[in-house]
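Accompanying notes for the structure given below.
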Amino acid sequence: MQLHALALVHLAIALLLAPILLGLVNRTKAKFAGRRGQPVMQTWYDLAKLLHKDEVRSRTTTPVFGLGPVVGLAAAAIAAALVPMAGGPAIVAFPGDLVLVAYLFGLARFFTVGAALDTGSAFEGMGASREVLFSALAEPALFLGLAVVGRRTGSFSLTSMLGAVDTGLWTRAAPELALAAIALGIVLLAENARIPVDDPNTHLELTMIHEVMVLDHSGPSLAAIEYGSALKLWVLGSVLVGIAVPVRTGSPWVDGGAFLAGMAVLAIAIGIVESTMARLRLVRVPQLLVSAGGLAAIALVLTFR
Amino acid sequence: MTSLLVSLGVVCSGGMAAAIVRRPRAATVLGAGSAMLGSVLGALGAARAVIGAPVEALEFSWGDFGRISIAIDPLSAFFLLPIFVLSGVAALYGAEYLKPRDGASGANGSPGLHWLSFNLLCASMALVVVARDAVLFLVAWESMALASFFLVTRENDRRAVRDAGWLYLAATHVGTAFLFPLFLILSHEAHTTDFSAFPAAAAALQGSSGVLFLLALVGFGTKAGILPLHIWLPEAHPAAPSHVSAVMSGVMIKTGIYGLVRMLTFLGPPQEWWGWALVALGCASGVGGVLFALAQHDLKRLLAYHSVENIGIILLGIGLGILGVATHVPALAVLGFAGGLLHVVNHALFKGLLFLGAGSVLHAVGSGEIDRMGGLLKRMPWTGVAFLVGAVAICGLPPLNGFASEFLVYAGAFGGAGSPTNAVSIPALAALVGLALIGGLAAACFAKAFGVVFLGEPREELASHPHDPGLPMRLSMALLAGACALVALLAPWIVQAMAPAVSDASGLDADLVAGQLAAPSRWLGLIVGAVAALVALVLALIAWRARLLAGRIATTGTWDCGYARPTARMQYTASSFAQPITAFFGPFLRTRAHAVRTAGYFPPGASHATETPDVASERVFAPILFATKQALARLHWMQQGGVHLYVLYLAVTLLVLLVWKL
Numbered sequence: 224m225q226l227h228a229l230a231l232v233h234l235a236i237a238l239l240l241a242p243i244l245l246g247l248v249n250r251t252k253a254k255f256a257g258r259r260g261q262p263v264m265q266t267w268y269d270l271a272k273l274l275h276k277d278e279v280r281s282r283t284t285t286p287v288f289g290l291g292p293v294v295g296l297a298a299a300a301i302a303a304a305l306v307p308m309a310g311g312p313a314i315v316a317f318p319g320d321l322v323l324v325a326y327l328f329g330l331a332r333f334f335t336v337g338a339a340l341d342t343g344s345a346f347e348g349m350g351a352s353r354e355v356l357f358s359a360l361a362e363p364a365l366f367l368g369l370a371v372v373g374r375r376t377g378s379f380s381l382t383s384m385l386g387a388v389d390t391g392l393w394t395r396a397a398p399e400l401a402l403a404a405i406a407l408g409i410v411l412l413a414e415n416a417r418i419p420v421d422d423p424n425t426h427l428e429l430t431m432i433h434e435v436m437v438l439d440h441s442g443p444s445l446a447a448i449e450y451g452s453a454l455k456l457w458v459l460g461s462v463l464v465g466i467a468v469p470v471r472t473g474s475p476w477v478d479g480g481a482f483l484a485g486m487a488v489l490a491i492a493i494g495i496v497e498s499t500m501a502r503l504r505l506v507r508v509p510q511l512l513v514s515a516g517g518l519a520a521i522a523l524v525l526t527f528r
Numbered sequence: 007m008t009s010l011l012v013s014l015g016v017v018c019s020g021g022m023a024a025a026i027v028r029r030p031r032a033a034t035v036l037g038a039g040s041a042m043l044g045s046v047l048g049a050l051g052a053a054r055a056v057i058g059a060p061v062e063a064l065e066f067s068w069g070d071f072g073r074i075s076i077a078i079d080p081l082s083a084f085f086l087l088p089i090f091v092l093s094g095v096a097a098l099y100g101a102e103y104l105k106p107r108d109g110a111s112g113a114n115g116s117p118g119l120h121w122l123s124f125n126l127l128c129a130s131m132a133l134v135v136v137a138r139d140a141v142l143f144l145v146a147w148e149s150m151a152l153a154s155f156f157l158v159t160r161e162n163d164r165r166a167v168r169d170a171g172w173l174y175l176a177a178t179h180v181g182t183a184f185l186f187p188l189f190l191i192l193s194h195e196a197h198t199t200d201f202s203a204f205p206a207a208a209a210a211l212q213g214s215s216g217v218l219f220l221l222a223l224v225g226f227g228t229k230a231g232i233l234p235l236h237i238w239l240p241e242a243h244p245a246a247p248s249h250v251s252a253v254m255s256g257v258m259i260k261t262g263i264y265g266l267v268r269m270l271t272f273l274g275p276p277q278e279w280w281g282w283a284l285v286a287l288g289c290a291s292g293v294g295g296v297l298f299a300l301a302q303h304d305l306k307r308l309l310a311y312h313s314v315e316n317i318g319i320i321l322l323g324i325g326l327g328i329l330g331v332a333t334h335v336p337a338l339a340v341l342g343f344a345g346g347l348l349h350v351v352n353h354a355l356f357k358g359l360l361f362l363g364a365g366s367v368l369h370a371v372g373s374g375e376i377d378r379m380g381g382l383l384k385r386m387p388w389t390g391v392a393f394l395v396g397a398v399a400i401c402g403l404p405p406l407n408g409f410a411s412e413f414l415v416y417a418g419a420f421g422g423a424g425s426p427t428n429a430v431s432i433p434a435l436a437a438l439v440g441l442a443l444i445g446g447l448a449a450a451c452f453a454k455a456f457g458v459v460f461l462g463e464p465r466e467e468l469a470s471h472p473h474d475p476g477l478p479m480r481l482s483m484a485l486l487a488g489a490c491a492l493v494a495l496l497a498p499w500i501v502q503a504m505a506p507a508v509s510d511a512s513g514l515d516a517d518l519v520a521g522q523l524a525a526p527s528r529w530l531g532l533i534v535g536a537v538a539a540l541v542a543l544v545l546a547l548i549a550w551r552a553r554l555l556a557g558r559i560a561t562t563g564t565w566d567c568g569y570a571r572p573t574a575r576m577q578y579t580a581s582s583f584a585q586p587i588t589a590f591f592g593p594f595l596r597t598r599a600h601a602v603r604t605a606g607y608f609p610p611g612a613s614h615a616t617e618t619p620d621v622a623s624e625r626v627f628a629p630i631l632f633a634t635k636q637a638l639a640r641l642h643w644m645q646q647g648g649v650h651l652y653v654l655y656l657a658v659t660l661l662v663l664l665v666w667k668l
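Below, the structure is given as structure tokens:
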């Protein structure tokens, strides 16, 4: 298992560009709303500002509250090292590494939920309760969607799986890959607290999911949360783009360029979805996630052809 | 072998001495001390045998009734090790747990009898996994059931405890009733009760090996707690003292898994449908167990349902392993069996830890009702941290041991899902979906259990000031928490050391298994590396944040969206936390709500209570038992209560039998 220099470059790109992805989403939403919008680098500015702030903590809380943000960021960073981009190698790859990625996010969620319950706030408990249901339903859809790609590429390590998704595979297996990509897209929106599952900009705590769980965090801890969620969007996005953009020429410049263009399109697509759709009623969200699982299951049935 | 015999001798004689001495203190010292000493000795011996020390056997006859025949092969040793480790730690915990507390009733019998039963339970569990003779096996099996019955019913002044005890006794005997025909058929064919003759007998009975498999599945599955045979677990575990729950849930139910695996080694080449059956039952037990756990309000009942869930994960592993053997895919067979067996050990460690933590909470708060608790982490930091470790481990989350075994099963399922054979890929995909759903729901359940019990503020004013238990209880929790971390850290080597046990269980050649385990061991090594990086990163981030802040942390009340006077009663409760999930799965769970709604402009008060009785016992067993009772009621006229009549019945029966035989 040699360490690829390219993988390190990819990790650095992920760490640098992940916040910019959020900027792109917000920029798209602003354009739709007829505003000029914030700079694309705004998330980086916010992070820098937050790092210089003090923190306020509730006297109810225990050290678990402080663990939530750092575990979330650390897990997302390690996951970023495990997920390849542009069909290239990840820093570490082994069959089943996708399970480790999913469970790292599970660990982050466990501690985020713990930190939310640690404040003793009814609102945060509410958000935590919704988060655990939606993520439990998203997990089967995620694994089923990846199993589709795994069955078609004959491999279950993210690096060899995504590396094998080329135009040839798409011509042979377009329907199931497209269905799996749609399922993974829904999972991506749900896992990253995006419309139609959750609204990152809503003003009413009662209707939030992810944002309300982190209400009590401030300063550097909030920066860790923001950066962690940007990384999570990048990581899940690079899996989706890895499937949806089958440019595998072997040249890191061409493949990387196509990948980055794919990520930009993904961010713009999220922005468009957020601008044109309303958030679903909370009771409808499980149905959406179960249908994502259903789509992935149909895709799987197609792989039995 | 010597260490096992010495250990059994120490444990049994210590238990008997504890029953004889009159001073409670001396009884505790003798009973718990001998259990600990015996466990250390036994565990050392078992550890040597796991890694493939030559199989040692011992045999002598006890007249016409059978022979004592025991042997420690790697598979036996693999189950012996957790039995001894957890029994020893639980004995240490129990030594303090049983001490009479202020305000508690001391009418629960002397500790001497408790330790006699406890030590007999340890010894008989050990005997079950080393017995090589059907009669000896059943004797050990039965004494295990009886010893644990007396342990469960220790607090028998409470009606709930008595009911739980009877249910357990009935359930375990129903299970045993399926084992008797199983062993009778095999012994009849083999003309001996010796296990070594059973494979040949099973081969001769090739046509009915499916029947034998089903008998073993029901008989051993009742002990293991496979859905829907699990109904005794959620009653017995909360009723028993906590260290007993830990032993019963952590290792005693695993003797059911041992029995099933041992029986598979007799039955020869498995059929594909066995694997499908186990995968289906594994999914049902796993998802069903965790869903019912989510709906519970009592901490120990919740943990009991999680035993059903984890048995499900173990079955998924073994089922995939059987499929691998049946379809000649050694990679799948090895991953499945290794994952299932490693999960046996892991579950013993973290479930033992969680029950001990729950026991400390019960001790401190005096109630197991989750919705009344809160904020215990500040008041009982040792217990809280131990419970957190157990919770992360049982959810199968990366830094701890639960992930290692679940990963192996996942890897097997993903590998099987890619198989071109539909008979493998479809169950493997089912296992994949099941595992994913179980993982997500288990995390939800333990977020609820840990979050509501230990975080936030106390939801009710607690009568006493809860505080951490004394040194023995703290030490035993710390030992198990350390073991969880250690197994996670050493997983790559442990998996390789499991090769002889996996080879025994799967019937595959030892060298082949060792070769197949090399790759998973390498993956686990990479996982350990990634996890080490994660832990280092977390620590670095904490240090960096502390430097950035350097004392600039202001403390205030929780930001409750501007509400100025929040109270602890406004916190989210465990029931509310789980409500979206229980509502979503409502058609399956059938939760009942008893609500008094508000009415009018000045409502006097409202209340809402829910209960989720077990679907299996309500919908399956209650109708069957009721119908049986109705049918047998016609024979009620025979039950007169006069002994002379009963003697007459006996005589008539004997006469009829005699005539029939003539």
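Residue numbers (my numbering), protein chains in the order written: chain A, 224 to 528; chain B, 7 to 668.
Glycine residues also receive a C-beta, built at the ideal position from the N, C-alpha and C atoms.
These figures come from a predicted structure and were not determined experimentally.
According to DSSP, residue pairing for VAL602 (chain B) in a beta bridge involves B:SER613. Taking a contact to require three or more Cβ pairs closer than 8 Å, the region 305-315 of chain A and the region 457-467 of chain A qualify as touching. Annotated three-state conformation of VAL350 (chain B) is helix, per DSSP.
If you look at GLU278 (chain B), you'll find it isn't in any beta strand (DSSP E); it sits in the alpha helix (DSSP H) that goes 278-300. By the CB criterion at 8 Å, ARG465 (chain B) and ASP377 (chain B) fall inside the cutoff. Taking a beta-carbon distance threshold of 8 Å, ARG54 (chain B) does not count as an interface residue toward chain A. Identification of residues in the region 227-240 of chain B having a C-beta nearer than 8 Å to some C-beta of chain A yields an empty set. With respect to the 8 Å criterion, ALA313 (chain A) and THR390 (chain A) are not classified as neighbours on the basis of their beta carbons.
Pairing ARG598 (chain B) with THR573 (chain B) gives a Cβ-Cβ distance that is not under 8 Å.
Within its own chain, the residues whose Cβ lies closer than 6 Å to the Cβ of PRO469 (chain A), once the five positions on either side in sequence are excluded, are VAL388, ASP389, THR390, TRP393, listed in chain order.
Per DSSP, GLU241 (chain B) has no beta bridge partner at all. The alpha-carbon separation between ARG571 (chain B) and VAL437 (chain A) amounts to approximately 20 Å. Where ARG73 (chain B) is concerned, the enclosing beta strand (DSSP E) starts and stops at 73-78. The beta carbon of GLN302 (chain B) lies closer than 6 Å to those of LEU308 in the same chain, with the five residues before and after it left out.
The Cβ of PRO509 (chain A) sits closer than 8 Å to at least one Cβ of chain B. Residue A:THR285 holds the alpha-carbon nearest to the alpha-carbon of GLY381 (chain B) among A:ASN249, A:TYR268, A:THR285. Chain-order list of chain A residues neighbouring LYS384 (chain B): THR285, by C-beta distance under 7 Å. Spatial neighbours of LEU234 (chain A) in its own chain (CB-CB distance under 7 Å, excluding positions within 5 residues in sequence) are listed in chain order as ALA303, ALA304, ILE314. Taking a C-beta distance under 8 Å as the contact criterion, LEU338 (chain B) and GLY422 (chain B) qualify as a contact pair. Contact between the region 503-513 of chain A and the region 407-421 of chain A is present: three or more C-beta pairs spanning the two stretches fall below 8 Å.
About 7 Å separates the beta carbons of THR182 (chain B) and TRP147 (chain B), which is inside the 8 Å limit, making them a contact pair.
Taking 8 Å as the threshold, the shortest C-beta distance from TYR311 (chain B) to chain A does not fall below it. In this chain, the alpha helix (DSSP H) harbouring VAL391 (chain B) covers 387-400. For GLN577 (chain B), the number of other beta carbons within 10 angstroms of its own is at least 16, and it is reported as buried.
Around the CB of HIS349 (chain B), 16 or more other CB atoms lie within 10 Å, so the residue is classed as buried. A direct Cα-to-Cα measurement between VAL145 (chain B) and TRP68 (chain B) gives close to 13 Å. Just so you know, the alpha carbons of GLU62 (chain B) and PHE184 (chain B) end up roughly 30 Å apart. ASP439 (chain A) sits in coil when the DSSP states are folded into three classes, being neither helix nor strand. In the displayed model, THR394 (chain A) falls within a helix according to three-state DSSP.
Nearest to LEU360 (chain A) by alpha-carbon distance, out of A:PRO318, A:LEU407, A:GLY343, A:THR376, is A:LEU407. Taken atom to atom, the span from the alpha-carbon of ALA206 (chain B) to that of GLY386 (chain A) is near 50 Å. The region 271-291 of chain A and the region 444-453 of chain A touch, with no fewer than 3 CB-CB distances between them shorter than 8 Å.
Taking 3 residues as the minimum length, the region 306-342 of chain B contains no beta strand (DSSP E) run wholly inside it.
Boundaries of the beta strand (DSSP E) around THR561 (chain B): 559-562. Annotation: LEU190 (chain B) to ARG575 (chain B) spans about 60 Å, alpha carbon to alpha carbon. In the pairwise beta carbon analysis, the region 416-434 of chain B is classified as not touching the region 538-556 of chain B: fewer than three pairs are separated by under 8 Å.
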